[in-house]
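Trainee:
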Amino acid sequence: MGTPHFAVPTLKALAASHHELLAVVTNPDRRKGRGRQMASPPVKEQALEFEIEVLQPASTKDPALVEALTALAPDLFVVVAFSILPKRLLEIPRLGSVNLHPSLLPAYRGAAPIIWAVVNGEKETGISTFQLNPRVDAGDILLQRPFAIGEDETAGELEARLCIEGASMVVETLDGLEDERITGHAQDAQGITRAPKLVKEDALIHWDRPAEDIRNLVRGMNPVPGAFTHWQGQPFKIHRAQHAEGSGPPGTVLRADGREGPVIACGTGALLLHNVQPAGKAAMEGTAFVRGYPIEVGALLGA
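Residues in the sequence shown are numbered consecutively from 7, following this note's numbering.
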């Protein structure tokens, strides 16, 4: 069970293993892009390539889904980046359900663990496989592995790495359950932290924060939704930034050199904007922005 690109490597790894894939459950096709053309979820596209049956319920509570999965008589569900499963579905597989979660549970329980780990400036995160129960991300841990977060690594780059590592861990988990080498252990209730679903305001840059906090926000919101501020009254996204020399009132343009890019004052320190995106435009290098737009020293971002 899964939908986005993050789940595709796990599907590929399972298809290449000795475990039998009975079906794939994913979200319905949706309209995307400016043309509003119908598009299939990445997991569906991969499953069809493997000639695996695909189920696309409008809801995980759909009685037809319960009936179809019960008829398949599965030993196990594998869940990666999918909806919360109701109790009725969790009761179907003989051996329960295994979930892949990109954090070292119980840290960063929730919908956006990779983003929040980067935003919070963590130096390490990890991957957990665990047994699903009715509570979100609270089941017994089966397998865990830590991974360092690069100094300049974005959430998108980290996700691309973890989905590959996680795929092999899922197969390792299933193999371990099969030969009884792996047994679950309860999560430490004292170590719970949250990674809630993002809202728009989470990506808003507050220039009175330290430069490192803002840099981490930019990394964590890359590629989507994109950390943003305002310039000339319009949203202005910042996709990459690094520390720079300088100080001044937060949000002030300290330098606007076409060979360097714009440098903006923060609560402490300053940031050089490497990649930006004005409203209605494609992303561009900071140097190109300075050369093509009338941004002046002393101008204020965030106003």
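Don't be surprised by glycine CBs; every beta carbon is placed ideally from N, CA and C.
No experiment lies behind these values; they were computed from the predicted model shown.
Report the option in P92, L75, R141 whose CA atom is closest to the CA atom of V31.
Mentor: The residue given as residue 31 occupies position 25 in the sequence shown. Residue L75 is the option with its Cα nearest to V31.
Trainee: Identify every residue that forms a DSSP beta bridge with G8.
Mentor: Against the sequence shown, residue 8 aligns to sequence position 2. G8 is bridged to V86.
Trainee: Hey, Q150 and G102 are a contact pair by Cβ (cut 8 Å); roughly how many whole angstroms apart?
Mentor: The residue you call residue 150 lines up with position 144 of the sequence shown. The residue you call residue 102 lines up with position 96 of the sequence shown. So it is not a contact: roughly 18 Å between Cβ atoms.
Trainee: Ordered along the chain, which non-local residues of its own chain (more than five positions away) have a Cβ less than 8 Å from that of F295?
Mentor: In the sequence shown, the residue the question calls residue 295 occupies position 289. Closer than 8 Å at the Cβ level, and outside the excluded window around F295, lie G267, P268, L279, V282, P284, I301.
Trainee: How long is the line joining the alpha carbons of S174 and D208, rounded to whole angstroms?
Mentor: Stepping through the sequence shown from its first residue, residue 174 is reached at position 168. Stepping through the sequence shown from its first residue, residue 208 is reached at position 202. Those two C-alpha atoms are separated by around 32 Å.
Trainee: By alpha-carbon positions, which one of H249, V60, K206, V49 ends up nearest to K243?
Mentor: Taking the first residue of the sequence shown as 1, we reach residue 243 at position 237. Comparing Cα positions, the closest option is K206.
Trainee: So A21 and F56 are supposed to be a Cβ contact under 8 Å. How far apart are they, rounded?
Mentor: To locate residue 21, count along the sequence shown from 1; it is residue 15. To locate residue 56, count along the sequence shown from 1; it is residue 50. That pair is a contact at about 5 Å.
Trainee: For A201 and Y114, I'd like the C-alpha separation in whole angstroms.
Mentor: Residue mapping note: residue 201 aligns to position 195 of the sequence shown, counting from 1. Residue mapping note: residue 114 aligns to position 108 of the sequence shown, counting from 1. Roughly 5 Å between the two C-alpha positions.
Trainee: From I270 to D214, what does the alpha carbon distance come to, in whole angstroms?
Mentor: Within the sequence shown, the letter at position 264 stands for residue 270. Within the sequence shown, the letter at position 208 stands for residue 214. Using only the alpha carbons, I get a separation of about 11 Å.
Trainee: As a quick exercise: from P112, P80, V104, pick the residue whose alpha carbon is nearest that of I98.
Mentor: By one-based count along the sequence shown, residue 98 stands at place 92. The option with the nearest alpha carbon to I98 is P80.
Trainee: When burial is assigned at 16 or more other CB atoms within 10 Å of the CB, is G172 buried or exposed?
Mentor: For the purposes of this step, residue 172 is identified with residue 166 of the sequence shown, where counting begins at 1. Buried, since its Cβ has 16 or more Cβ neighbours within 10 Å.
Trainee: Thinking T179 and T135 are a contact (beta carbons under 8 Å), I'd like their distance in whole angstroms, please.
Mentor: Position 173 of the sequence shown holds residue 179. Position 129 of the sequence shown holds residue 135. Right, the Cβ-Cβ distance comes to about 4 Å (below 8 Å), so this counts as a contact.
Trainee: Where does G132 sit, in a helix, a strand or coil, going by DSSP?
Mentor: For the purposes of this step, residue 132 is taken as residue 126 along the sequence shown, with counting starting at 1. Three-state result, G132: strand.
Trainee: Please identify the residue among K18, K67, L210, P10 whose C-alpha is closest to the C-alpha of A45.
Mentor: Position 39 of the sequence shown, counted from the first residue, corresponds to residue 45. Cα-wise, what sits closest to A45 is P10.
Trainee: Any Cβ of chain C within less than 8 Å of the Cβ of I98?
Mentor: The structure shown contains no chain C; it holds only a single protein chain.
Trainee: For E184, collect the residues of the same chain with a Cβ closer than 6 Å to its Cβ; drop the 5 residues on either side in sequence, then sort them by chain order.
Mentor: Locating residue 184 in the sequence shown gives position 178, where the first residue counts as 1. So no residue of the chain qualifies.
Trainee: Just tell me which of P119, S253, A288 has its CA closest to the CA of A276.
Mentor: Translated into the one-based positions of the sequence shown, residue 276 becomes position 270. Measuring from the Cα of A276, the nearest candidate turns out to be S253.
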